[in-house]
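Residue numbers (our numbering): 1463 to 1565.
All residues carry an ideal CB built from backbone N, CA and C; glycine is no exception.
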């Protein structure tokens, strides 16, 4: 969002992050098609289960770098290995491999 200077919405596919997610670039009206990135759909991959503890299914990354929902934490579990992805209210993404953690 910050690099493009536009808002970017990331939404859980079918309301469940484990199904994948969609990335939607929210360009202002009148932006020429030649200057737009296409929206992206990311399908589920393998047996990874993704959960978001607060029930958030939609995150808006604002053009100023912030996100609209405060801090968000995702747990990714696959192959009995646990990983936590945290997104701060400032939009910073942190990856915690949870060494020794299991699903």
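Which of helix, strand or coil does DSSP assign to residue i?
i	result
residue 1541	coil
residue 1535	strand
residue 1481	helix
residue 1474	strand
residue 1486	strand
residue 1548	strand
residue 1495	helix
residue 1520	strand
residue 1510	coil
By Cβ distance, which residues of its chain are closer than 7 angstroms to residue i, with the 5 residues on each side in sequence left out?
i	result
residue 1518	1531 and 1534
Measure the alpha-carbon distance for residue i versus residue j and round it to whole angstroms.
i	j	result
residue 1556	residue 1502	22 angstroms
residue 1565	residue 1543	6 angstroms
residue 1528	residue 1509	31 angstroms
residue 1560	residue 1492	45 angstroms
residue 1419	residue 1467	Outside the modelled stretch of the chain, which goes from 1463 to 1565, sits residue 1419, for which no answer is possible.
So is the beta-carbon of residue i under 8 angstroms away from any non-hydrogen atom of the ligand NAP?
i	result
residue 1531	For the ligand NAP, the structure offers nothing, since it holds no ligand at all.
If I'm right that residue i touches residue j with Cβ under 8 angstroms, what's the distance once you round it to whole angstroms?
i	j	result
residue 1483	residue 1495	Residue 1483 to residue 1495, Cβ: 24 angstroms. No contact.
Are residue i and residue j closer than 9 angstroms when you measure CB to CB?
i	j	result
residue 1546	residue 1538	yes
residue 1475	residue 1505	yes
residue 1480	residue 1513	yes
residue 1540	residue 1511	yes
Leaving out five residues before and five after residue i in sequence, what residues of the same chain have Cβ atoms less than 6 angstroms from its Cβ?
i	result
residue 1520	1473
residue 1499	1487
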